[in-house]
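Numbering (the numbering used here), first residue to last: 45 to 201. Beta carbons are placed, not taken as given, at the ideal position from N, Cα and C, and that holds for glycine. If you're wondering where the values come from, they're calculated on a predicted model, not measured in any experiment.
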């Protein structure tokens with residue numbers, strides 16, 4: 045099963061945060077060695093876990109994964125009602141967040157894709173490739189719904 049869409053978005057702000065953790069850690073090492081090492085280690089751990097957001101779409105689902113893929117989420121295409129391009133509020137920030145509009149995964153920027161589930165719940169994927177992601181999801185939804193409808197029509201004959 046191949047992917048119809050794959051895009052990786054990197055987080056530049058995380059590199060800046062890592063630099064801050066390393067500077068604090070190196071400053072503390074002469075006085076509080078273990079605390080300094082903790083700050084440096086914590087910074088590198090965050091970099092490994094959240095260094096980028098990868099979005100992949102295949103025939104059955106959307107997969108999102110942060111960093112090395114330890115933190116990931118799957119959304120079944122059959123559960124999606126519609127998809128829209130939206131703008132996130134600056135105040136909602138980055139990362140995995142609960143917002144007034146539902147859950148959001150965002151690595152940078154304000155542009156996102158809002159997925160509306162058949163259950164009316166909403167989920168946002170922050171992206172710097174909104175047009176292509178929107179097109180890819182909609183084309184897969186069209187193919188999925190089209191295939192599903194053909195099976196239903198054939199089974200009633």
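Taking the DSSP output, what are the residues bridged to residue i?
{"i": "residue 186", "result": "Residue 186 is not bridged to any residue."}
{"i": "residue 147", "result": "142, 167"}
{"i": "residue 126", "result": "160"}
Candidates the options: which alpha carbon is nearest residue i's?
{"i": "residue 152", "options": "136, 84, 49", "result": "136"}
{"i": "residue 119", "options": "76, 55, 147, 61", "result": "147"}
{"i": "residue 167", "options": "149, 82, 179", "result": "149"}
{"i": "residue 56", "options": "139, 115, 174", "result": "139"}
Identify the continuous beta strand (DSSP E) that holds residue i and give its terminal residues.
{"i": "residue 167", "result": "166-170"}
{"i": "residue 143", "result": "139-143"}
{"i": "residue 98", "result": "96-101"}
Quick one: is residue i buried, meaning 16 or more other Cβ sit within 10 Å of its Cβ, or exposed?
{"i": "residue 111", "result": "buried"}
{"i": "residue 184", "result": "buried"}
{"i": "residue 100", "result": "buried"}
{"i": "residue 69", "result": "buried"}
{"i": "residue 92", "result": "exposed"}
{"i": "residue 64", "result": "exposed"}
* Give a yes or no on contact between the region 124-139 and the region 152-161, applying the rule of three or more CB pairs nearer than 8 Å. => Taking one beta carbon from each stretch, the region 124-139 and the region 152-161 have 3 or more pairs nearer than 8 Å; the two touch.
* **the region 51-61 in contact with the region 84-100 per 3-pair CB rule at 8 Å** => yes
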